[in-house]
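Comments concern the structure below.
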Amino acid sequence: MPRFAANLTMMYREHEFLDRFGAAAADGFKAVEYLFPYDYPADQLSALLTQHGLQQALFNAPPGDWAKGERGIAALPGREDEFKRSVDTALHYAQALGNRKLHFMAGLVSADADRARHRDVYVRNLAYAASQAAQHGLMVVIEPINTRDMPGYFLNLQRDAQQVCRETGAANLKVQFDLYHCQIMEGDLAVKLKQMMKDDIGHLQVAGVPDRHEPDLGEVNYPYLFGLIDELGYDGWIGCEYVPKGATSAGLGWARQWLG
């Protein structure tokens, strides 16, 4: 049976962030994810998870200056020391929140950038992050993101993410397979899930395509894909990384049979 984690960055925006934990739990979610925890003390977030009986499924490592438009630093030459500090920060929060998976964003690059140089930095940084995470039994994930929502993002295709993971040689480095991004860039979701599930996928996320609303809105047949994901033996959380079309709770009809 698929297990869903509410993405508190995108869902429950009708509530203040710290109130979203309780709202998600009230709707039957047993896990949450979000972009970043760093605006709040780790012990405060940990207390909310405990209070509402929630697990922390995923969050992102520090991405550079998000407010100024940065979207990660893992593939940015000259930022290696900052990247190592971000690893330390992310690991601190992961241990405090009981989180087993960390997403490291690659960053934005210009169209005329030396992609080989960026890729070399990316592989080396991820190998470092994975080695540090492995000491705590944690997984590192990387996510191909579509070029429509995030122009210039360094990693866009599933095969490129697979190759980067394999090049690092780190067993705890996997692909964060977001079906929304993959449908926009590549499609062929069922075949890719079958090809990648066993060895490559570390986390799944969903949203309706093309508008990134609830999974039952748009062109993707999610009921079929949820059944396939079950058949393939995935037992991790599926992050609901979508922007509700209306009130979050009112739009959860697609998930009621699983949320209980």
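Residue 672, in the numbering used here, is where the sequence shown stops; the numbers in between run on with no holes. Glycine included, C-beta positions come from ideal geometry on N, C-alpha and C.
Quiz item: So does the stretch 595–602 actually touch the stretch 525–540, counting three or more Cβ pairs closer than 8 Å?
Solution: The stretch 595–602 vs the stretch 525–540: no contact.
Practice problem: Report the residue from Ala662, Phe566, Phe495, Val553 whose alpha carbon sits nearest the alpha carbon of Leu520. | Solution: Here residue 520 is taken as the residue at index 108 of the sequence shown, counted from 1. Among Ala662, Phe566, Phe495, Val553, the Cα nearest to that of Leu520 is on Phe566.
Quiz prompt | Contacting residues, own chain, Cβ-Cβ under 8 Å from Tyr450 (five flanking each side not counted) | solution = Looking up residue 450 in the sequence shown gives position 38. Pro474, Thr501, Tyr505.
Self-check item: Nonlocal neighbours in the same chain, by C-beta distance under 7 Å from Arg512, ignoring five residues either side
Solution: Against the sequence shown, residue 512 aligns to sequence position 100. Correct list, in chain order: Leu550, Met551.
Self-check item: Element boundaries [alpha helix (DSSP H), containing Asn537]
Solution: Along the sequence shown, one-based indexing puts residue 537 at 125. Note, Asn537: alpha helix (DSSP H), 527–546.
Quiz item: Is the beta carbon of Gln544 within less than 7 Å of some heavy atom of the ligand NAP?
Solution: The ligand NAP is not among the ligands present in this structure, which contains no ligands whatsoever.
Quiz item: Just reading off the beta strand (DSSP E) that Asp590 is part of, what are its end residues?
Solution: Here residue 590 corresponds to residue number 178 of the sequence shown, with the count starting at 1. Taken as a continuous stretch (DSSP letters only), the beta strand (DSSP E) holding Asp590 covers 585–590.
Quiz item: In chain order, which beta strand (DSSP E) runs of at least 3 residues are fully inside the stretch 451–515?
Solution: Within the stretch 451–515, complete beta strand (DSSP E) segments of at least 3 residues are found at 467–472, 513–515, given in chain order.
Quiz item: According to DSSP, is Arg571 helix, strand or coil?
Solution: Along the sequence shown, read from residue 1 onward, the residue named residue 571 stands at position 159. Here Arg571 sits in helix by DSSP.
Practice problem: May I ask you to report which of helix, strand or coil DSSP gives Tyr636? | Solution: To locate residue 636, count along the sequence shown from 1; it is residue 224. Of the three classes helix, strand and coil, the one that applies to Tyr636 here is helix, per DSSP.
Exercise. Please say whether Phe416 and Leu355 have beta carbons closer to each other than 8 Å?
Key: Given a span of 413 to 672 for the chain in the structure shown, any question on residue 355 remains unanswerable.
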